[in-house]
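**Student:**
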């Protein structure tokens, strides 16, 4: 067997690997492609298109929902559902409006407290689901009411005040972030220039995705979550620790929702226990997950896809602003786009040869 | 398998010897009594009166509760299938808005027509396109909201409910609000469908295992479509009633009915995964939620405390009887 032949086979195998990879991630690829097209059109049409200002604004509007979509992805991967993500976000938002003041150390401590509160809420969800053996959808419906109650207790009326520097640093470009912190020669350092125009919130989103989600997905617990979503019985018989996977999934969801709530508080500079907002964030997080290519039946998909799902949802509403669609028609178009997006995924039904395959 | 025997030996209550589907109903009914006792002792201690036990007050609470009861009746049929209908809020509001907008003799048919249409769309999406009901009905809800915002211009519509709607929802005969009669009528229809017709049997069968029902010759897709139509129809009945009760339709009037309806169905012992549950349980669940709400408002509990108690009650009820099986194979 010559070297040339084996390299050729290797190349062919790499090629088919790529095809396989694309096919396995068809939902993600579709979501990314759709997002690129829609977002490119948006910038072409926008009077200030391709500018940092627009990027920063968009990125800020995407961040919290993207976090909730990531949060929602983890339980959905195990064929569960977390209806409390919006409530956890709202609760952390209200906690942040009390804690993010004072000196740098106090603020840092306050942030840790916020994230801990979100994580704890997620952990409690996990406990109710795992040890209480209550269906996730109804368990999180109930715990969500409790978290909203806590949020209302902390902030009966909207208000609170957050550190202004923090708001400025987190919701603008990296250059403003650096100059607020006084690092990298106030963001004017030469090496810093190529990335100085990045929106800070976008970088934060990337960081959370790469530092938390990607390693988690590769861990045993992460793989167990996928296994539980595909076939819980088989996962159990394979000796995987199902209880730990479920607990971790809900805890991680709580953490992501906490990050979302923290940013929402920083972005709006106040806390607001807004029940309708919590509900609409929860429902939009489910929509983002589905558009991002994760199956509600569990086992396939991932949080990266959900981020793009959120981007698509949001960019569609961005487009309404610049394409002169009457504001009164916007909710209708949003609804139709959502309905069309989820129905498109159903076209596979037409290809099913054996009707029994419909009843998974 | 030894758990029931164990429980009867520790707790010598006949409660645990009841059939599996009746136990939740008995426990929820006991909880209702507990709420009434706690609420009454609170009012006796605080005001020296017992409004919770006066028939007039109870009738008034049940009148308000009948809207939730009608929604929960339809929701239960969909949950029995193992599906869920999240389009309730704006189906309810759309039915109310259309009914008041059309007015006259055609007001109620127009409202019910909205329900019929939404139900058919939901059914096609879930049964024929096989989109998960959770996400499809969510999309339909968004579309209905968009249509209504477009229709009303985002303001509360200026149209008023007709006299017939007022008669059905807000007036009384012999001290009994008419809304309770409507609730009773809807309940009888749902009970007959679930227990006395093939359709009802099919609903339970599909909730247990759709593939098995299909292989047994059930036209499962048509049954799912019918169930979603039924759910949207009852929702639109609730919308018409609520518009009659408050003399007008308004934005977001259905928002407060989705989650309590699901909670009422589940507290009543219906399995959220479908296939199991009795209508009597849903009835008890609705009454429980309505009474809990009224006791909390008598206690002048702030919204924060209400939400927390609401969540804790659902969780503790389910911990008593709603626990799933551990997956072992």
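Chains as they are written, first to last, in this note's numbering: chain A, 32 to 391; chain B, 243 to 571. Just so you know, even glycine gets a beta-carbon here, dropped at the ideal spot from N, CA and C.
Using a threshold of 9 Å, state whether the C-beta atoms of residue 149 of chain A and residue 122 of chain A are closer than that.
**Tutor:** Locating residue 149 of chain A in the first chain gives position 118, counting from the first residue. Locating residue 122 of chain A in the first chain gives position 91, counting from the first residue. Cβ atoms of residue 149 of chain A and residue 122 of chain A: closer than 9 Å.
**Student:** Which whole-angstrom value is the C-beta distance of residue 118 of chain A and residue 296 of chain A, which I expect to be below 8 Å?
**Tutor:** The sequence position of residue 118 of chain A within the first chain is 87, counting from 1. The sequence position of residue 296 of chain A within the first chain is 265, counting from 1. Wrong, their Cβ atoms sit about 15 Å apart, outside the cutoff.
**Student:** Only counting the same chain, and skipping five residues up and downstream in sequence, which positions put a Cβ closer than 6 Å to that of residue 198 of chain A?
**Tutor:** Sequence index remark: in the first chain, residue 198 of chain A carries index 167 (1-based). So the list reads 297 and 300, once near-sequence residues are dropped.
**Student:** What number of angstroms, rounded off, separates the C-alpha of residue 280 of chain A from the C-alpha of residue 267 of chain A?
**Tutor:** The residue you call residue 280 of chain A lines up with position 249 of the first chain. The residue you call residue 267 of chain A lines up with position 236 of the first chain. Their backbone Cα atoms lie some 16 Å apart in a straight line.
**Student:** Measure the alpha-carbon distance for residue 336 of chain B versus residue 521 of chain B and round it to whole angstroms.
**Tutor:** By one-based count along the second chain, residue 336 of chain B stands at place 94. By one-based count along the second chain, residue 521 of chain B stands at place 279. Their backbone Cα atoms lie some 27 Å apart in a straight line.
**Student:** Contact between the stretch 487-500 of chain B and the stretch 383-403 of chain B is defined here as three or more beta-carbon pairs at a separation below 8 Å; is this criterion met?
**Tutor:** Verdict: yes, contact present.
**Student:** What residue range is occupied by the uninterrupted alpha helix (DSSP H) comprising residue 205 of chain A?
**Tutor:** Locating residue 205 of chain A in the first chain gives position 174, counting from the first residue. Element bounds for residue 205 of chain A: 205-212.
**Student:** Just verifying my parser: in three-state terms, what is the DSSP assignment at residue 353 of chain A?
**Tutor:** Walking along the first chain from the start, residue 353 of chain A turns up at place 322. The answer is helix: DSSP assigns residue 353 of chain A an H, G or I state.
**Student:** Let's see if you can read the secondary structure: which residues bound the alpha helix (DSSP H) around residue 156 of chain A?
**Tutor:** Here residue 156 of chain A is taken as the residue at index 125 of the first chain, counted from 1. Its alpha helix (DSSP H) spans residues 135-161.
**Student:** What are the start and end residues of the alpha helix (DSSP H) that includes residue 18 of chain A?
**Tutor:** Nothing can be reported for residue 18 of chain A: it is not among the residues displayed for chain A, which extend from 32 to 391.
**Student:** So what does residue 418 of chain B bridge to, in DSSP terms?
**Tutor:** Here residue 418 of chain B refers to the residue found at position 176 of the second chain. Answer is B:415.
**Student:** Does any residue of chain B have a CB that is nearer than 9 Å to the CB of residue 169 of chain A?
**Tutor:** Within the first chain, numbered from 1, the residue matching residue 169 of chain A stands at position 138. Taking Cβ atoms only, chain B reaches closer than 9 Å to residue 169 of chain A, which makes this a yes.
**Student:** Between residue 483 of chain B and residue 329 of chain A, what straight-line distance do the alpha-carbon atoms span, to the nearest angstrom?
**Tutor:** Here the question's residue 483 of chain B lines up with position 241 in the second chain. Here the question's residue 329 of chain A lines up with position 298 in the first chain. Residue 483 of chain B and residue 329 of chain A: Cα-Cα distance of roughly 39 Å.
**Student:** Just tell me which of A:258, A:290, A:114 and A:143 has its CA closest to the CA of residue 312 of chain A.
**Tutor:** Here residue 312 of chain A refers to the residue found at position 281 of the first chain. Residue A:114 is the option with its Cα nearest to residue 312 of chain A.
**Student:** Please list the segments of the alpha helix (DSSP H) lying wholly inside the stretch 331-399 of chain B, counting only runs of 4 or more residues, in order along the chain.
**Tutor:** The stretch 331-399 of chain B contains these whole alpha helix (DSSP H) runs: 349-365 and 375-394.
**Student:** Measuring only the C-alpha atoms, how far is residue 536 of chain B from residue 501 of chain B?
**Tutor:** In the second chain, the residue the question calls residue 536 of chain B occupies position 294. In the second chain, the residue the question calls residue 501 of chain B occupies position 259. Computed Cα separation, rounded: 17 Å.
**Student:** What are the boundary residues of the alpha helix (DSSP H) that includes residue 551 of chain B?
**Tutor:** As a first step, residue 551 of chain B must be located in the second chain, where it is residue number 309. Residue 551 of chain B -> alpha helix (DSSP H) spans 545-563.
**Student:** I believe residue 507 of chain B touches residue 317 of chain B by the beta-carbon criterion, under 8 Å. Please report the beta-carbon distance rounded to the nearest angstrom.
**Tutor:** Against the second chain, residue 507 of chain B aligns to sequence position 265. Against the second chain, residue 317 of chain B aligns to sequence position 75. The pair is a contact, with the Cβ atoms about 6 Å apart (cut-off 8 Å).
**Student:** Spatial neighbours of residue 396 of chain B within its chain, please: C-beta separation below 8 Å, excluding the five flanking residues on both sides.
**Tutor:** Locating residue 396 of chain B in the second chain gives position 154, where the first residue counts as 1. Same-chain partners within the cutoff: 493.
**Student:** Restricting to runs no shorter than 4 residues, where is the alpha helix (DSSP H) found entirely within the stretch 447-488 of chain B?
**Tutor:** With a minimum length of 4 residues, the continuous alpha helix (DSSP H) runs that stay inside the stretch 447-488 of chain B are 452-457 and 462-487.
**Student:** Which of helix, strand or coil does DSSP assign to residue 78 of chain A?
**Tutor:** Position 47 of the first chain, counted from the first residue, corresponds to residue 78 of chain A. Coil.
**Student:** With distances taken between CB atoms, is the gap from residue 373 of chain B to residue 329 of chain B smaller than 9 Å?
**Tutor:** Taking the first residue of the second chain as 1, we reach residue 373 of chain B at position 131. Taking the first residue of the second chain as 1, we reach residue 329 of chain B at position 87. No, the pair does not count as a contact, with Cβ atoms beyond the cut-off.
**Student:** Measure the CB-CB distance between residue 529 of chain B and residue 274 of chain B and report whether it falls below 9 Å.
**Tutor:** Residue 529 of chain B sits at position 287 when you count from the first residue of the second chain. Residue 274 of chain B sits at position 32 when you count from the first residue of the second chain. In contact: residue 529 of chain B and residue 274 of chain B (Cβ atoms closer than 9 Å).
**Student:** Rounded to a whole number of angstroms, what is the C-alpha to C-alpha distance between residue 249 of chain B and residue 562 of chain B?
**Tutor:** Locating residue 249 of chain B in the second chain gives position 7, counting from the first residue. Locating residue 562 of chain B in the second chain gives position 320, counting from the first residue. Below a pLDDT of 50, predicted positions are generally treated as unreliable, and residue 249 of chain B, at 45, falls in that range; the measurement from the model is reported next regardless. Going by the C-alpha atoms only, they are around 12 Å apart.
**Student:** In chain order, what residues of the stretch 370-390 of chain B put their CB closer than 7 Å to some CB of chain A?
**Tutor:** Of all residues in the stretch 370-390 of chain B, 371, 372, 373, 374, 376, 377, 378, 380, 381, 382, 384, 385, 387, 388 and 389 have a Cβ within less than 7 Å of some Cβ in chain A.
**Student:** Would you say residue 278 of chain A lies against chain B (beta-carbon separation less than 9 Å)?
**Tutor:** To locate residue 278 of chain A, count along the first chain from 1; it is residue 247. With 9 Å as the cut-off, residue 278 of chain A does not count as an interface residue toward chain B.
**Student:** Rounded to the nearest angstrom, what separates residue 333 of chain A and residue 495 of chain B at their Cα positions?
**Tutor:** Residue mapping note: residue 333 of chain A aligns to position 302 of the first chain, counting from 1. Residue mapping note: residue 495 of chain B aligns to position 253 of the second chain, counting from 1. In a straight line, the C-alpha of residue 333 of chain A is about 36 Å away from that of residue 495 of chain B.
**Student:** Counting C-beta neighbours from all protein chains within 10 Å, is the total for residue 116 of chain A 16 or more, i.e. buried, or is it exposed?
**Tutor:** As a working note, residue 116 of chain A is residue 85 in the first chain. By the neighbour-count rule (16 or more Cβ atoms within 10 Å), residue 116 of chain A is buried.
**Student:** Could you check whether the Cβ of residue 269 of chain B sits closer than 9 Å to any Cβ belonging to chain A?
**Tutor:** Numbered from its first residue, the second chain carries residue 269 of chain B at position 27. It does not; no Cβ of chain A falls within 9 Å.
**Student:** Residues of chain A with CB closer than 9 Å to the CB of residue 553 of chain B, please, in chain order.
**Tutor:** As a working mapping, residue 553 of chain B is identified with position 311 in the second chain. The contacting residues are 172, 173, 174, 175, 176, 177, 178, 179 and 180.
**Student:** From what residue to what residue does the alpha helix (DSSP H) around residue 241 of chain A run?
**Tutor:** By one-based count along the first chain, residue 241 of chain A stands at place 210. It is not in any alpha helix (DSSP H) - residue 241 of chain A carries neither H nor E in the DSSP assignment.
**Student:** Spatial neighbours of residue 95 of chain A within its chain, please: CB distance less than 8 Å, with the 5 preceding and 5 following residues excluded, ordered by chain position.
**Tutor:** As a working note, residue 95 of chain A is residue 64 in the first chain. Answer for residue 95 of chain A: 120, 291, 292, 294, 295, 298 and 312, listed in chain order.
**Student:** What residue does the alpha helix (DSSP H) around residue 217 of chain A start on, and which one ends it?
**Tutor:** Locating residue 217 of chain A in the first chain gives position 186, counting from the first residue. From DSSP, the alpha helix (DSSP H) with residue 217 of chain A extends over 215-218.
**Student:** Using the C-alpha atoms, what's the distance from residue 541 of chain B back to residue 282 of chain B?
**Tutor:** The sequence position of residue 282 of chain B within the second chain is 40, counting from 1. The sequence position of residue 541 of chain B within the second chain is 299, counting from 1. Using only the alpha carbons, I get a separation of about 11 Å.
**Student:** Show which residues of chain E have a CB atom less than 7 Å away from the CB atom of residue 166 of chain A.
**Tutor:** Absent here is chain E; the protein component of the structure consists of chains A and B.
**Student:** Identify the continuous alpha helix (DSSP H) that holds residue 321 of chain B and give its terminal residues.
**Tutor:** Position 79 of the second chain holds residue 321 of chain B. Per DSSP, residue 321 of chain B belongs to the alpha helix (DSSP H) from 297-322.
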